[in-house]
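In my numbering, the protein residues as written are 1 to 566. Even glycine gets a Cβ: it sits at the ideal position worked out from N, Cα and C. As C-alpha cells, the structure follows; a few thoughts come after it.
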Amino acid sequence: MKMMKQTFLLGILFLALAFSAFSQQRAYYYEVKLLDKQFSPYSIAEPAKFLSQKSVERRLIQQIPVVETDLPVSPAYLSQLREEGAEIVYKSKWLNLVIIRVVQPEQAMQISRKPFIRQMKSADHLFARQRGGEGKPYFDNEVIDRQSFRSKGRSLKSQAAFNYGASLNQARMINIDQLHALNFTGNGITIGVIDAGYNSVDVMQAFDSLRANGQILGTRDFVEPGNNVYNSGISTHGTMVLSTMGGNLPGQLMGTAPKASYWLLRSEDAVSEYIMEAYYWVNAAEFADSVGVDIINSSLGYSLFDNPDENHTYSDMDGNTTVVTIGADMAAAKGILVVNSAGNSGANAWKYITAPADADSVLTIGAVDPEGVYAYFSSKGPTADGRIKPDVTAQGQQTIVATIPSGVAGGSGTSFSSPIIAGAAACLWQANPTFTNMELINAIRMSASQSSGPDNLKGWGIPDFVQANSLLTQSVIHEQKAFHELKTYPNPFSAHISLEVTASYPIVLDIKLINSNGKVVSSLIGVEIAKGKNMVAINHLDSLPSGIYMLQVTDGYAVTTKKVIK
Numbered sequence: 001m002k003m004m005k006q007t008f009l010l011g012i013l014f015l016a017l018a019f020s021a022f023s024q025q026r027a028y029y030y031e032v033k034l035l036d037k038q039f040s041p042y043s044i045a046e047p048a049k050f051l052s053q054k055s056v057e058r059r060l061i062q063q064i065p066v067v068e069t070d071l072p073v074s075p076a077y078l079s080q081l082r083e084e085g086a087e088i089v090y091k092s093k094w095l096n097l098v099i100i101r102v103v104q105p106e107q108a109m110q111i112s113r114k115p116f117i118r119q120m121k122s123a124d125h126l127f128a129r130q131r132g133g134e135g136k137p138y139f140d141n142e143v144i145d146r147q148s149f150r151s152k153g154r155s156l157k158s159q160a161a162f163n164y165g166a167s168l169n170q171a172r173m174i175n176i177d178q179l180h181a182l183n184f185t186g187n188g189i190t191i192g193v194i195d196a197g198y199n200s201v202d203v204m205q206a207f208d209s210l211r212a213n214g215q216i217l218g219t220r221d222f223v224e225p226g227n228n229v230y231n232s233g234i235s236t237h238g239t240m241v242l243s244t245m246g247g248n249l250p251g252q253l254m255g256t257a258p259k260a261s262y263w264l265l266r267s268e269d270a271v272s273e274y275i276m277e278a279y280y281w282v283n284a285a286e287f288a289d290s291v292g293v294d295i296i297n298s299s300l301g302y303s304l305f306d307n308p309d310e311n312h313t314y315s316d317m318d319g320n321t322t323v324v325t326i327g328a329d330m331a332a333a334k335g336i337l338v339v340n341s342a343g344n345s346g347a348n349a350w351k352y353i354t355a356p357a358d359a360d361s362v363l364t365i366g367a368v369d370p371e372g373v374y375a376y377f378s379s380k381g382p383t384a385d386g387r388i389k390p391d392v393t394a395q396g397q398q399t400i401v402a403t404i405p406s407g408v409a410g411g412s413g414t415s416f417s418s419p420i421i422a423g424a425a426a427c428l429w430q431a432n433p434t435f436t437n438m439e440l441i442n443a444i445r446m447s448a449s450q451s452s453g454p455d456n457l458k459g460w461g462i463p464d465f466v467q468a469n470s471l472l473t474q475s476v477i478h479e480q481k482a483f484h485e486l487k488t489y490p491n492p493f494s495a496h497i498s499l500e501v502t503a504s505y506p507i508v509l510d511i512k513l514i515n516s517n518g519k520v521v522s523s524l525i526g527v528e529i530a531k532g533k534n535m536v537a538i539n540h541l542d543s544l545p546s547g548i549y550m551l552q553v554t555d556g557y558a559v560t561t562k563k564v565i566k
C-alpha cells in the first residue's frame, strides 16, 4: 500500500510538471509591421545582392526602378527581435512585416516599445486550426471527368502545328495554336506557378519534355519549407494546372507554353483554408520576383475560411484590402504579369471573384464551356469598387488536363482557364519582348470578343492571341522600318559604347543608358540618323560602376532596348 501511495504521488508530481511545461510552451503570435529598412547591409544601388540578373533585367526593360520595397527586411531589426526572445516565423519584404512567436506576453510588450515598430497586433488567429467553417479552397469545386479523349484528339492531328489531341479546342479557341505555328511557344519566358502541390510531376510522362530540357528551374514550398512538392501524398491541383501550360502528350494534350521555363511554388495547404496561406502566397510571389519570373499563374483565391472570424467580405474585394491582393499588385509593380483565376463561386451564395482576382493590375480569368459560352460556376464581377472583372475568359469547362499516373481527363474550373491564358501570354511576350506587363494586358483585352462591350461574366471576352500580337506588332512596324538593324559594341564596355544603326530612311533618335535602378546615367537626345548605316558613340562612361545597364533607343514611336554590361 505504501508503494502504491508513493507511485500515486509521483504520478501527481509528473502530471503537475508536465502541465507546468505545457503552460510554459504556450505560444503567442504577433504581426509586427516595421517602420523602415534602415541599418541594412543591402542597398538599392547594388540589386545583384538580393535580386537575380533576370529580375534586374525585367526592371530595366520596363523602366522600373529598384526601390526600398525590393530590399530584404532589415537584418538589424530581426536581430533585435530575436534578442528579446522572439522567434521569427514569417517575414515579407514587400509588406515590411514579420510574424513573431513569443512564450510570454511581457516579451511582446517589450518589443512593442522598439522605435522601429510601426504597428503590432495579435496574430494568434493566423495559426489557429479551427475546422468546420465554410472555408475551403475554391478548387475543391472543380470536377474531373476521367473519360478517355484520345480518339477524338488523334482525328485532329493534321489540323495544327502540334498534335494537340483533344486539347486542340482550348488552344484554338484563343488562336494560340497559330502563334505556336510561328514558333512562339514560350521559349525564354519564365512562369512561376503558385499552387497547392505538384504530385508526381517529377515522374509523369506529360512533363518528360520539361524535365529533359531543364525547363523546370526549381521548386519551393512555403507552407512546409523543405518539403518535396512532388510528393505523392500532396495535392494534384498544381499538377493539372501546370499541364495546361507545359504539358506535352502528343495526340492527347499540348499546353499553351510548352517551351517556357517553370518555377513550381507551393503556398496553399489543400486540406484546409486559413488566412496564413495568403501570407505564404506573398512569400511565393516575392521569391518568384527575385529569381526572375516573368509571369505568375495563380489558380487560387480567398474569401471564406475554416475560421469564420477570418472571412473576407465582398467589400474587401476592392483591390486594396486583402494581404494577397496587395501582394499581387506589388508583383505587378515589379513588372511581372500576374494571371489569376476568377474563382468557382458563380453559382454559390458568394458568387463574386475572390482575392487576389480583385487586384487592378492582375489579369483575372473567367471560364467558358467548349463552345465559348459562360460557364455557370465562373465567379462574377464587379469588384467592390465597381471595376469590371474578370478581364478575359478561356475554356474552363471540360478543359483537357493531365492526370495521374498518365493520360488526360476533362476538368472544370477557372483554375484551368487561368493557366491556359498565362501560357498563351508567355508566347505573346516571347514574340514582343520589349513590351511591359500592362501593355500585354491591354493587348489581350482589346483582342477579345467583347472588347467593345465588356461585362461582369466574361469580361472583355475570349481573347484572340493572333490579334493581340498584331496590336503589339503594329506599334513597332515603324521601328522595324526606321532602324531594322541595331548593333552595340564593345560589350562589356568600359569608357564608351558604339552603336551601329542601319536606317531605312532619315530619322531622329533619342538614346539613353539606364542603370539597374532605372536611372538615366547618360543620354543623347535628338540624334539625326541618315538612311543607311550610321555610327553613334556614347562617351565618357569611365566613372560608371560595373554592372548591368540597358541601352534604350527610340524614334518617338517605338522603343528598342539592348542589354550592355560594364
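For G335, the three-state DSSP class (helix, strand or coil): coil
With 16 as the cutoff for other CB atoms within 10 Å, does A426 come out buried or exposed? buried
Indicate the three-state DSSP secondary structure (helix, strand or coil) for T69 in the structure shown. helix
Cβ neighbours of N248 in the same chain (closer than 7 Å, five flanking residues each side left out): A206, S209, M254, G255, P258
Could you tell me the distance, in whole angstroms, from the CA atom of N515 to the CA atom of L499? 18 Å
Is the beta carbon of A394 less than 7 Å from the beta carbon of T403? no
Helix, strand or coil for R26 per DSSP? coil
Is the beta carbon of Y302 less than 7 Å from the beta carbon of A285? no
Do V508 and G526 have their beta-carbon atoms positioned less than 7 Å apart in this structure? yes
From this set, M550, S494, L486, V564, which residue's C-alpha is nearest I529's C-alpha? L486
Helix, strand or coil for K562 per DSSP? strand
Are F377 and G346 close, meaning C-beta to C-beta below 7 Å? yes
Here's the rule: buried if 16 or more other CB atoms are within 10 angstroms of the residue's CB, otherwise exposed. What is K310? Before going on, a small fix: residue 310 reads as Glu here, not Lys. The residue is buried, with at least 16 neighbouring Cβ atoms inside 10 Å.
Could you spell out where the beta strand (DSSP E) holding E224 opens and where it closes? Element bounds for E224: n/a, residue is neither H nor E.
Give a yes or no on whether the C-beta atoms belonging to A431 and F116 are separated by under 7 Å. no
Suppose the cutoff is 7 Å on Cβ atoms and the five residues either side in sequence are ignored; what does the same chain contact list for Y374 look like? V368, L457, K458
For V520, I'd like the list of residues in its chain whose CB is within less than 6 Å of its CB, leaving aside the five on either flank, ordered along the chain. K512, I514
Quick one: is T364 buried, meaning 16 or more other Cβ sit within 10 Å of its Cβ, or exposed? buried
Measuring CB atoms only, is the segment 260-272 touching the segment 221-240, in the sense that at least three cross pairs come out at less than 8 Å? yes
For I99, which beta-bridge partners are listed by DSSP? E31, Y90
CB of V401 within 7 Å of CB of S243, strictly: yes
Taking Cβ positions, are S546 and K566 nearer each other than 7 Å? yes
By alpha-carbon positions, which one of N517, A422, P65 ends up nearest to G186? A422
Ordered along the chain, which non-local residues of its own chain (more than five positions away) have a Cβ less than 8 Å from that of A537? H496, I497, S498, L499
Quick check on DSSP: helix, strand or coil for L156? Note on L156: pLDDT 38, under 50, position unreliable in the model; the coordinate value appears next. If DSSP states are grouped into helix, strand and coil, L156 belongs with coil.
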